[in-house]
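Encoded as structure tokens, the structure appears first; notes follow it.
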Amino acid sequence: MGGCAGSRRRLSDSEGEETVPEPRLPLLDRQSAHWKNAVGFWLLGLCNNFSYVVMLSAAHDILSHERTSGNQSHVDPSPTPIPDNSSSRFDCNSVSTAPPGSCQWDLCCWKLCPGCLFSFRGDQPMCYFLLLTSPEPQDPGGEEEAESAARQPLIGTEAPESKPGSSSSLSFQERWTVFKGLLWYIVPLVVVYFAEYFINQGLFELLFFRNTSLSHAQQYRWYQMLYQAGVFASRSSLRCCQIRFTWALALLQCLNLVFLLADVWFGFLPSIYLVFLIVLYEGLLGGAAYVNTFHNIALETSDEHREFAMAATCISDTLGISLSGLLALPLHDFLCQLS
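Numbers 1 to 339, taken from full-length UniProt numbering, label the letters of the sequence shown in order.
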């Protein structure tokens with residue numbers, strides 16, 4: 001009897017050992033992986049946006065180079081602004097800095113080719129393969145299950161049941177249902193990007209102050225730098241401040257657009273430093289709208305819908321930027337014809 005009981009205990013112990021899950025990584029290793037991933041994604045984002053931001057910031061200089069003669073540098077080190085179009089109070093380039101059609105084809109191909117090559121930098125693969133770590137297998141129970149239950153459904157109860165797996169397994173009906181639920185976030189992000197790029201690529205060149213020591217090109221570069229500084233700060237502030245209603249950010253950005261457009265038309269702001277503050281604020285709104293939109297979608301979509309939802313929302317910035325460029329081009333031509 002005792003032997004049978006002992007053997008049963010040993011069998012029970014051995015069965016228990018077989019069901020014990022594999023031990024997780026030590027705490028120190030998990031912290032190291034967390035910081036490696038954080039640094040890796042930060043560097044990937046920096047490399048991804050670097051060439052784009054440089055080209056936007058240099059747009060005025062690239063277009064100004066067309067009107068210089070000989071080998072003279074297109075970046076004038078002199079602080080004295082030299083108007084190009086004396087018949088206009090805006091000192092306009094011949095074409096707008098707006099993204100669609102902002103320069104002639106031959107100028108674009110020649111001037112922007114080195115910048116485009118920046119997009120294929122060799123440090124991106126290094127960050128991906130050397131810094132990023134593969135995710136651990138997730139336990140379906142415990143904290144993960146509680147967090148999933150606490151999520152608010154983004155697409156409501158009308159979505160059909162989906163099989164677990166990647167977004168490639170979603171049917172057209174499921175994708176359409178998810179997309180309709182995403183419009184609550186896509187539309188305000190499109191509006192934010194439309195307003196801020198209408199300002200940046202349509203109005204920055206026209207917000208020209210002659211009562212300052214900064215040349216026209218220097219003013220344009222300061223506008224772009226302050227805008228990017230605001231975007232960087234607000235995109236990095238998610239742990240400090242989270243915004244649920246991104247519609248409010250879209251409304252505030254539209255007010256910025258109306259205010260700066262009115263100043264271009266009437267010229268009531270007495271100092272460029274007031275525009276500097278508004279542009280910094282514009283960048284803060286734009287970055288906050290972007291990061292909070294994707295954060296809210298990540299929280300409110302189910303696992304099987306999240307990948308598709310993130311990818312579908314990426315059309316927002318492209319659509320907003322394209323629409324702003326299409327409207328900024330004729331506005332630029334109209335305002336530059338004014339005396």
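C-beta: ideal position from N, C-alpha, C; glycine also.
Where the alpha helix (DSSP H) through residue i begins and ends
i	result
Ala58	It is not in any alpha helix (DSSP H) - Ala58 carries neither H nor E in the DSSP assignment.
Asp303	303-313
Ile278	272-300
residue 341	Nothing about residue 341 can be read from this structure; the chain reaches only from 1 to 339.
Leu182	172-198
residue 366	This structure leaves residue 366 out entirely; the chain is present only between 1 and 339.
Pro26	Taken as a continuous stretch (DSSP letters only), Pro26 belongs to no alpha helix (DSSP H), as it is neither H nor E.
Leu260	247-266
Pro125	123-126
Option nearest residue i by Cα separation, candidates the options
i	options	result
Ser169	Pro26, His305, Ser234	His305
Met126	Ile278, Leu238, Leu319, Cys47	Cys47
His60	Asp123, Val291, Tyr223, Phe50	Tyr223
Asn211	Ser271, Leu329, Ser57, Leu249	Ser271
Asp91	Phe308, Leu203, Ala250, Leu131	Leu203
Ala58	Gln219, Leu132, Thr301	Gln219
Leu255	Ala195, Thr293, Gly320	Ala195
Gly287	Val39, Phe50, Asp263, Tyr227	Tyr227
Ser213	Ala38, Val279, Tyr273	Tyr273
Phe294	Leu261, Ala311, Ser171	Ala311
Leu43	Ala248, Arg244, Leu131, Met55	Leu131
With 16 other Cβ atoms within 10 Å as the buried cut-off, status of residue i
i	result
Gly267	exposed
Tyr197	buried
Asp29	exposed
Pro188	buried
Cys240	exposed
Tyr185	buried
Leu63	buried
Val258	exposed
Phe129	exposed
Gln201	buried
Pro77	In this prediction, Pro77 has a pLDDT of 45, which is less than 50 and means its spatial position is unreliable; what the coordinates show is noted afterwards. Looking at its Cβ environment, which holds fewer than 16 other Cβ atoms inside 10 Å, Pro77 is exposed.
Gly325	buried
Tyr290	buried
Cys336	buried
Phe208	buried
Phe172	exposed
Leu182	buried
- Task: Examine the Cβ distances between the segment 215-234 and the segment 308-327 and report whether three or more of them are shorter than 8 Å.
- Result: no
- Stretch pair the segment 32-48 + the segment 176-186: three plus CB contacts closer than 8 Å: Contact between the segment 32-48 and the segment 176-186 is absent, with fewer than three C-beta pairs closer than 8 Å.
- May I ask you to verify whether the segment 324-333 touches the segment 280-287, counting CB pairs closer than 8 Å and requiring at least 3? No contact exists between the segment 324-333 and the segment 280-287.
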